[in-house]
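Below is one structure; the comments refer to it alone.
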Amino acid sequence: MRRITVLGATGSIGESTLDVVKRHPGRYAVHALTAHRQVDKLAALCREFRPAHAVVGTAEAAGELEALLKAAGVKTEIGYGEAALEAVAVDPAADSVMAAIVGAAGLRPTLAAARAGKRVLLANKEALVMSGRIFMDAVREHGATLLPIDSEHNAIFQCLPPEDPRYRAGVAKIVLTASGGPFRTRDPATLHDISPDEACAHPNWVMGRKISVDSATMMNKGLEVIEAHWLFAAPADRIEVLIHPQSIVHSMVAYADGSVLAQLGNPDMRTPIAYGLAYPERTHAGVSPLDLARAGALTFETPDLERFPCLGLAFDALRAGGVAPAILNAANEVAVEAFLQGRVRFTDIARIVAGVLEQASEGSADTLDGVLAADRDARRRAGALLDSAASC
Ligand code: NDP
Ligand code: MG
Numbered sequence: 001m002r003r004i005t006v007l008g009a010t011g012s013i014g015e016s017t018l019d020v021v022k023r024h025p026g027r028y029a030v031h032a033l034t035a036h037r038q039v040d041k042l043a044a045l046c047r048e049f050r051p052a053h054a055v056v057g058t059a060e061a062a063g064e065l066e067a068l069l070k071a072a073g074v075k076t077e078i079g080y081g082e083a084a085l086e087a088v089a090v091d092p093a094a095d096s097v098m099a100a101i102v103g104a105a106g107l108r109p110t111l112a113a114a115r116a117g118k119r120v121l122l123a124n125k126e127a128l129v130m131s132g133r134i135f136m137d138a139v140r141e142h143g144a145t146l147l148p149i150d151s152e153h154n155a156i157f158q159c160l161p162p163e164d165p166r167y168r169a170g171v172a173k174i175v176l177t178a179s180g181g182p183f184r185t186r187d188p189a190t191l192h193d194i195s196p197d198e199a200c201a202h203p204n205w206v207m208g209r210k211i212s213v214d215s216a217t218m219m220n221k222g223l224e225v226i227e228a229h230w231l232f233a234a235p236a237d238r239i240e241v242l243i244h245p246q247s248i249v250h251s252m253v254a255y256a257d258g259s260v261l262a263q264l265g266n267p268d269m270r271t272p273i274a275y276g277l278a279y280p281e282r283t284h285a286g287v288s289p290l291d292l293a294r295a296g297a298l299t300f301e302t303p304d305l306e307r308f309p310c311l312g313l314a315f316d317a318l319r320a321g322g323v324a325p326a327i328l329n330a331a332n333e334v335a336v337e338a339f340l341q342g343r344v345r346f347t348d349i350a351r352i353v354a355g356v357l358e359q360a361s362e363g364s365a366d367t368l369d370g371v372l373a374a375d376r377d378a379r380r381r382a383g384a385l386l387d388s389a390a391s392c
């Protein structure tokens, strides 16, 4: 029986994870669940899964959760804040941690889980983008098992040969597929008028609002390029992005002999989640089988970097190295949040990220303090650019 902690249980990935867990009652038990603000939703999950621990963002939220659970007769221990998140991430009573908090807030608990040698099911790509080297070193040094949940990286993980230099030398290229989001064919002259709801209406995937906006700008693919670089030790010029609007081919690995291995499936995050939970076994995920005859034509095209400047910015940040990816990520989080609040336009997101990256920034990506300082500094500078974008 695997005991699982779900960081970000109330989100889209959290929900899909618990859906898979529920399908295998004899195989998985829920040890801890965390949320930030959605107390009612977390209370309902606690009533259903009876975890030993639950964590929320603030003392106030913890008080509300306590009252709800007491009334329901649920004896879950409640904590709040960063320290409590890290405590459940390292708790020896759990062996697996699903890292599904959105954004930089997921970094510390996800890293803590790696340092505790857990099986880390990594959805929170921002943690790896910000501190790839530190994170991968922690995985190696502490014997953690890192299982990529992002569908593209999960696909690549499935298509790569074993991690032995003799086999990996035959890998020519990693090809990340991208749907192109809701604005792949929209007239570029109208992009500045896009509303948050339009940006969040992804054609193939149902996801949280931040990653949905990232998919619309293709910053999501940019973050995934950086994520792939760290997960698979691949240099930027060995990573290619290909638009595939049907989201059936989840990514590919091209080999020196001309072979290309791809992983296919219906677009449903329960497939990579079930793979990560059961690895190296395979289990039922509740996903309908892929019917290729009915799926119709599978098409591919090269991304247009003028339409999707965020993708180019992410490649630039990866090539620049150091804290540049952390700066890119922080500026993007600030800009996306401002867009979702209606404070800036869709097209300002790339402008703000580019503006923050242009202002040279010193900092070491070798220490967590260095990364977090770069993150704070980039947020401050993005905030300043936001004010000028908002007043335009
Ligand atoms: P959601 O916005 O749906 O959920 C985010 C979760 O994180 C919620 O449980 C939320 O709690 C919690 N959370 C938010 N802010 C904080 C904070 N400051 N501290 C602690 N917890 C917090 O996001 P998704 O599930 O869509 O995405 C989660 C991660 O997985 C992201 O990194 C995303 O890039 C990645 N991912 C998602 C995919 C998808 O299909 N959704 C696909 C591939 C990767 P609350 O609900 O209480 O606010
Ligand atoms: Mg993805």
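The opening residue of the sequence shown carries number 1 in UniProt numbering; numbering runs sequentially from there. Where is the CB? At the ideal position from N, CA and C, for every residue including glycine. Fair warning: this is a prediction, and the values are worked out from it, not measured in the lab.
Listed in chain order, the non-local C-beta contacts of residue 244 below 6 Å within the same chain comprise 177 and 300, local neighbours out to five positions each way being set aside. Between residue 99 and residue 122, the C-beta gap is smaller than 9 Å, which places the two residues in contact. Residue 243 sits in a strand when the DSSP states are folded into three classes.
Residue 101 carries a coil assignment under DSSP once its states are collapsed to helix, strand and coil. A residue is called buried once 16 or more other Cβ atoms fall within 10 Å of its Cβ, and residue 163, having fewer, is exposed. Closest by C-alpha distance to residue 96, out of 147, 332, 54 and 151, is 147. Between the ligand MG and the CB of residue 126, the shortest heavy atom gap is not smaller than 8 Å. According to the DSSP assignment, residue 229 belongs to the alpha helix (DSSP H) that extends over 219-232. Within the same chain, 110, 111, 114, 127, 128 and 230 come within 8 Å of residue 135 by CB-CB distance, once the 5 residues on both sides are set aside. Listed in chain order, the non-local C-beta contacts of residue 254 below 7 Å within the same chain comprise 172, 173, 175 and 260, local neighbours out to five positions each way being set aside.
Within the same chain, 389 come within 7 Å of residue 351 by CB-CB distance, once the 5 residues on both sides are set aside.
Looking from the CA of residue 139, the closest CA among 118, 202, 39 and 217 belongs to 118.
About 17 Å separates the beta carbon of residue 252 from that of residue 236, a gap too long to meet the 8 Å contact definition.
Residue 279 and residue 187 have their C-alpha atoms roughly 43 Å apart. For residue 92, there is no enclosing alpha helix (DSSP H), since its DSSP letter is neither H nor E. Of the other Cβ atoms in all chains shown, fewer than 16 fall within 10 Å of the Cβ of residue 296; this residue is therefore exposed. In the DSSP assignment, residue 153 falls within the alpha helix (DSSP H) that extends over 151-159. Sorting 270, 357 and 233 by C-alpha distance to the C-alpha of residue 283 places 270 at the top. DSSP places residue 131 in the helix class (H, G or I) of the three-state scheme.
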